[in-house]
Amino acid sequence: DTAVSQTPKYLVTQMGNDKSIKCEQNLGHDTMYWYKQDSKKFLKIMFSYNNKELIINETVPNRFSPKSPDKAHLNLHINSLELGDSAVYFCASSQDLTGGAAIEQYFGPGTRLTVT
Amino acid sequence: AQKVTQAQTEISVVEKEDVTLDCVYETRDTTYYLFWYKQPPSGELVFLIRRNSFDEQNEISGRYSWNFQKSTSSFNFTITASQVVDSAVYFCALKNQAGTALIFGKGTTLSVSS
Numbered sequence: 001d002t003a004v005s006q007t008p009k010y011l012v013t014q015m016g017n018d019k020s021i022k023c024e025q026n027l028g029h030d031t032m033y034w035y036k037q038d039s040k041k042f043l044k045i046m047f048s049y050n051n052k053e054l055i056i057n058e059t060v061p062n063r064f065s066p067k068s069p070d071k072a073h074l075n076l077h078i079n080s081l082e083l084g085d086s087a088v089y090f091c092a093s094s095q096d097l098t099g100g101a102a103i104e105q106y107f108g109p110g111t112r113l114t115v116t
Numbered sequence: 001a002q003k004v005t006q007a008q009t010e011i012s013v014v015e016k017e018d019v020t021l022d023c024v025y026e027t028r029d030t031t032y033y034l035f036w037y038k039q040p041p042s043g044e045l046v047f048l049i050r051r052n053s054f055d056e057q058n059e060i061s062g063r064y065s066w067n068f069q070k071s072t073s074s075f076n077f078t079i080t081a082s083q084v085v086d087s088a089v090y091f092c093a094l095k096n097q098a099g100t101a102l103i104f105g106k107g108t109t110l111s112v113s114s
């Protein structure tokens, strides 16, 4: 009965490869997110997405692309991986996107990506 | 600009001590939301509390309590009678009415020893 799940939990790959991280939520939420946590534990938004719009943090390289096959899934695809992409990536979901009664975000367990 | 400052990088206490984690935020919006998340050593992010800008009532949940003061733009978190299981990184976060993402502070690492 996991609320937000991610696969894989660990991902080790070489520079230049393309990889995907999958995220699924069973909370019935309308909005999903991807965050990046760097080696200093700093968390930063990468994407926000609901059925109406995709909001991209302008600092995110276009090698990163979110793909949502349906409301319960938001996968993260990364092209041409670089050493600096090594981090923990968290998926999250919330009922509402902006204001509202239920905007708290629930996070998945994280995917630790290591690029060698 | 929106910003969250957690000035305490690391705090170490002994079990049963009370500890307060500070959070100061900056926003120009009149409607905003504040959050605390816990990240234990296992790595997941656990939602603890949300506070709306129009609700300055303090909240207590077991050993946890939160003090929201708009006058000082602070949303501090106190753990009473700390336990080893409280050892974690604690993040304070801010979200404006129109914004979609959480703006996180850099986190405070709390270590509770027995």
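Residue numbers (our numbering), protein chains in the order written: chain A, 1 to 116; chain B, 1 to 114. Just so you know, even glycine gets a beta-carbon here, dropped at the ideal spot from N, CA and C. From a predicted model like this one, the values you see are computed outputs, not experimental measurements.
Pairwise C-alpha distance: residue j and residue i
i               : j              : result
V60 of chain A  : C23 of chain A : 19 Å
D85 of chain A  : A3 of chain A  : 26 Å
F75 of chain B  : K36 of chain A : 24 Å
S48 of chain A  : I55 of chain A : 5 Å
K44 of chain A  : L94 of chain B : 12 Å
A72 of chain A  : V14 of chain B : 43 Å
A101 of chain B : H29 of chain A : 15 Å
K38 of chain B  : S39 of chain A : 17 Å
F104 of chain B : K3 of chain B  : 8 Å
G107 of chain B : M46 of chain A : 19 Å
F77 of chain B  : T31 of chain A : 28 Å
F68 of chain B  : M15 of chain A : 46 Å
Y33 of chain A  : V88 of chain A : 14 Å
E77 of chain A  : N62 of chain A : It is worth fixing the name first, because residue 77 of chain A is His in this sequence and not Glu. Straight-line Cα distance between these residues: approximately 10 Å.
P40 of chain B  : V89 of chain B : 6 Å
Test: residue i CB closer than 8 Å to a CB of chain A
i               : result
A101 of chain B : yes
E44 of chain B  : yes
F107 of chain B : With the sequence shown as reference, residue 107 of chain B is identified as Gly, and Phe is not the correct amino acid for it. Yes - at least one Cβ of chain A is within 8 Å of the one on G107 of chain B.
K70 of chain B  : no
Y33 of chain B  : yes
R50 of chain B  : yes
K95 of chain B  : yes
F91 of chain B  : yes
F47 of chain B  : yes
Option in the options with minimal Cα separation from residue i
i               : options                      : result
S42 of chain B  : A:T116, A:G110 and A:E104    : A:G110
S82 of chain B  : B:V46, B:D18, B:Q8 and B:F47 : B:D18
S111 of chain B : B:L21, B:S61 and B:A1        : B:L21
Q24 of chain B  : B:I60, B:T31, B:T5 and B:S65 : Correcting the residue identity first, residue 24 of chain B is Val in this sequence and not Gln. Looking at the Cα atoms, B:T5 is the closest of the given residues.
Q8 of chain B   : B:S114, B:F91 and B:A98      : B:F91
Own chain partners of residue i with C-beta closer than 7 Å, once the 5 adjacent residues on each side are dropped
i               : result
Q6 of chain A   : I21, K22, C23, C91, G108, P109, G110 and T111
E104 of chain A : S94
Close-in-space but distant-in-sequence residues of the same chain around residue i (CB under 8 Å, 5 per side omitted)
i              : result
R50 of chain B : Y33, L34 and F35
L11 of chain A : K19, I21, T111, R112, L113 and T114
Cβ of residue i within 8 Å of any chain B Cβ
i               : result
P109 of chain A : yes
Q105 of chain A : yes
L43 of chain A  : yes
Y89 of chain A  : no
Y10 of chain A  : no
S5 of chain A   : no
R21 of chain A  : It should be pointed out that residue 21 of chain A corresponds to Ile in this sequence rather than to Arg. No, its Cβ sits nowhere closer than 8 Å to a Cβ of chain B.
According to DSSP, residues forming a beta bridge with residue i
i               : result
Q137 of chain B : One cannot answer for residue 137 of chain B here, as it falls past the ends of chain B, which runs 1 to 114.
K44 of chain A  : A:K36
D70 of chain A  : A:H73
Own chain, CB closer than 6 Å to residue i, minus 5 neighbours either side, in chain order
i              : result
T80 of chain B : D18 and R63
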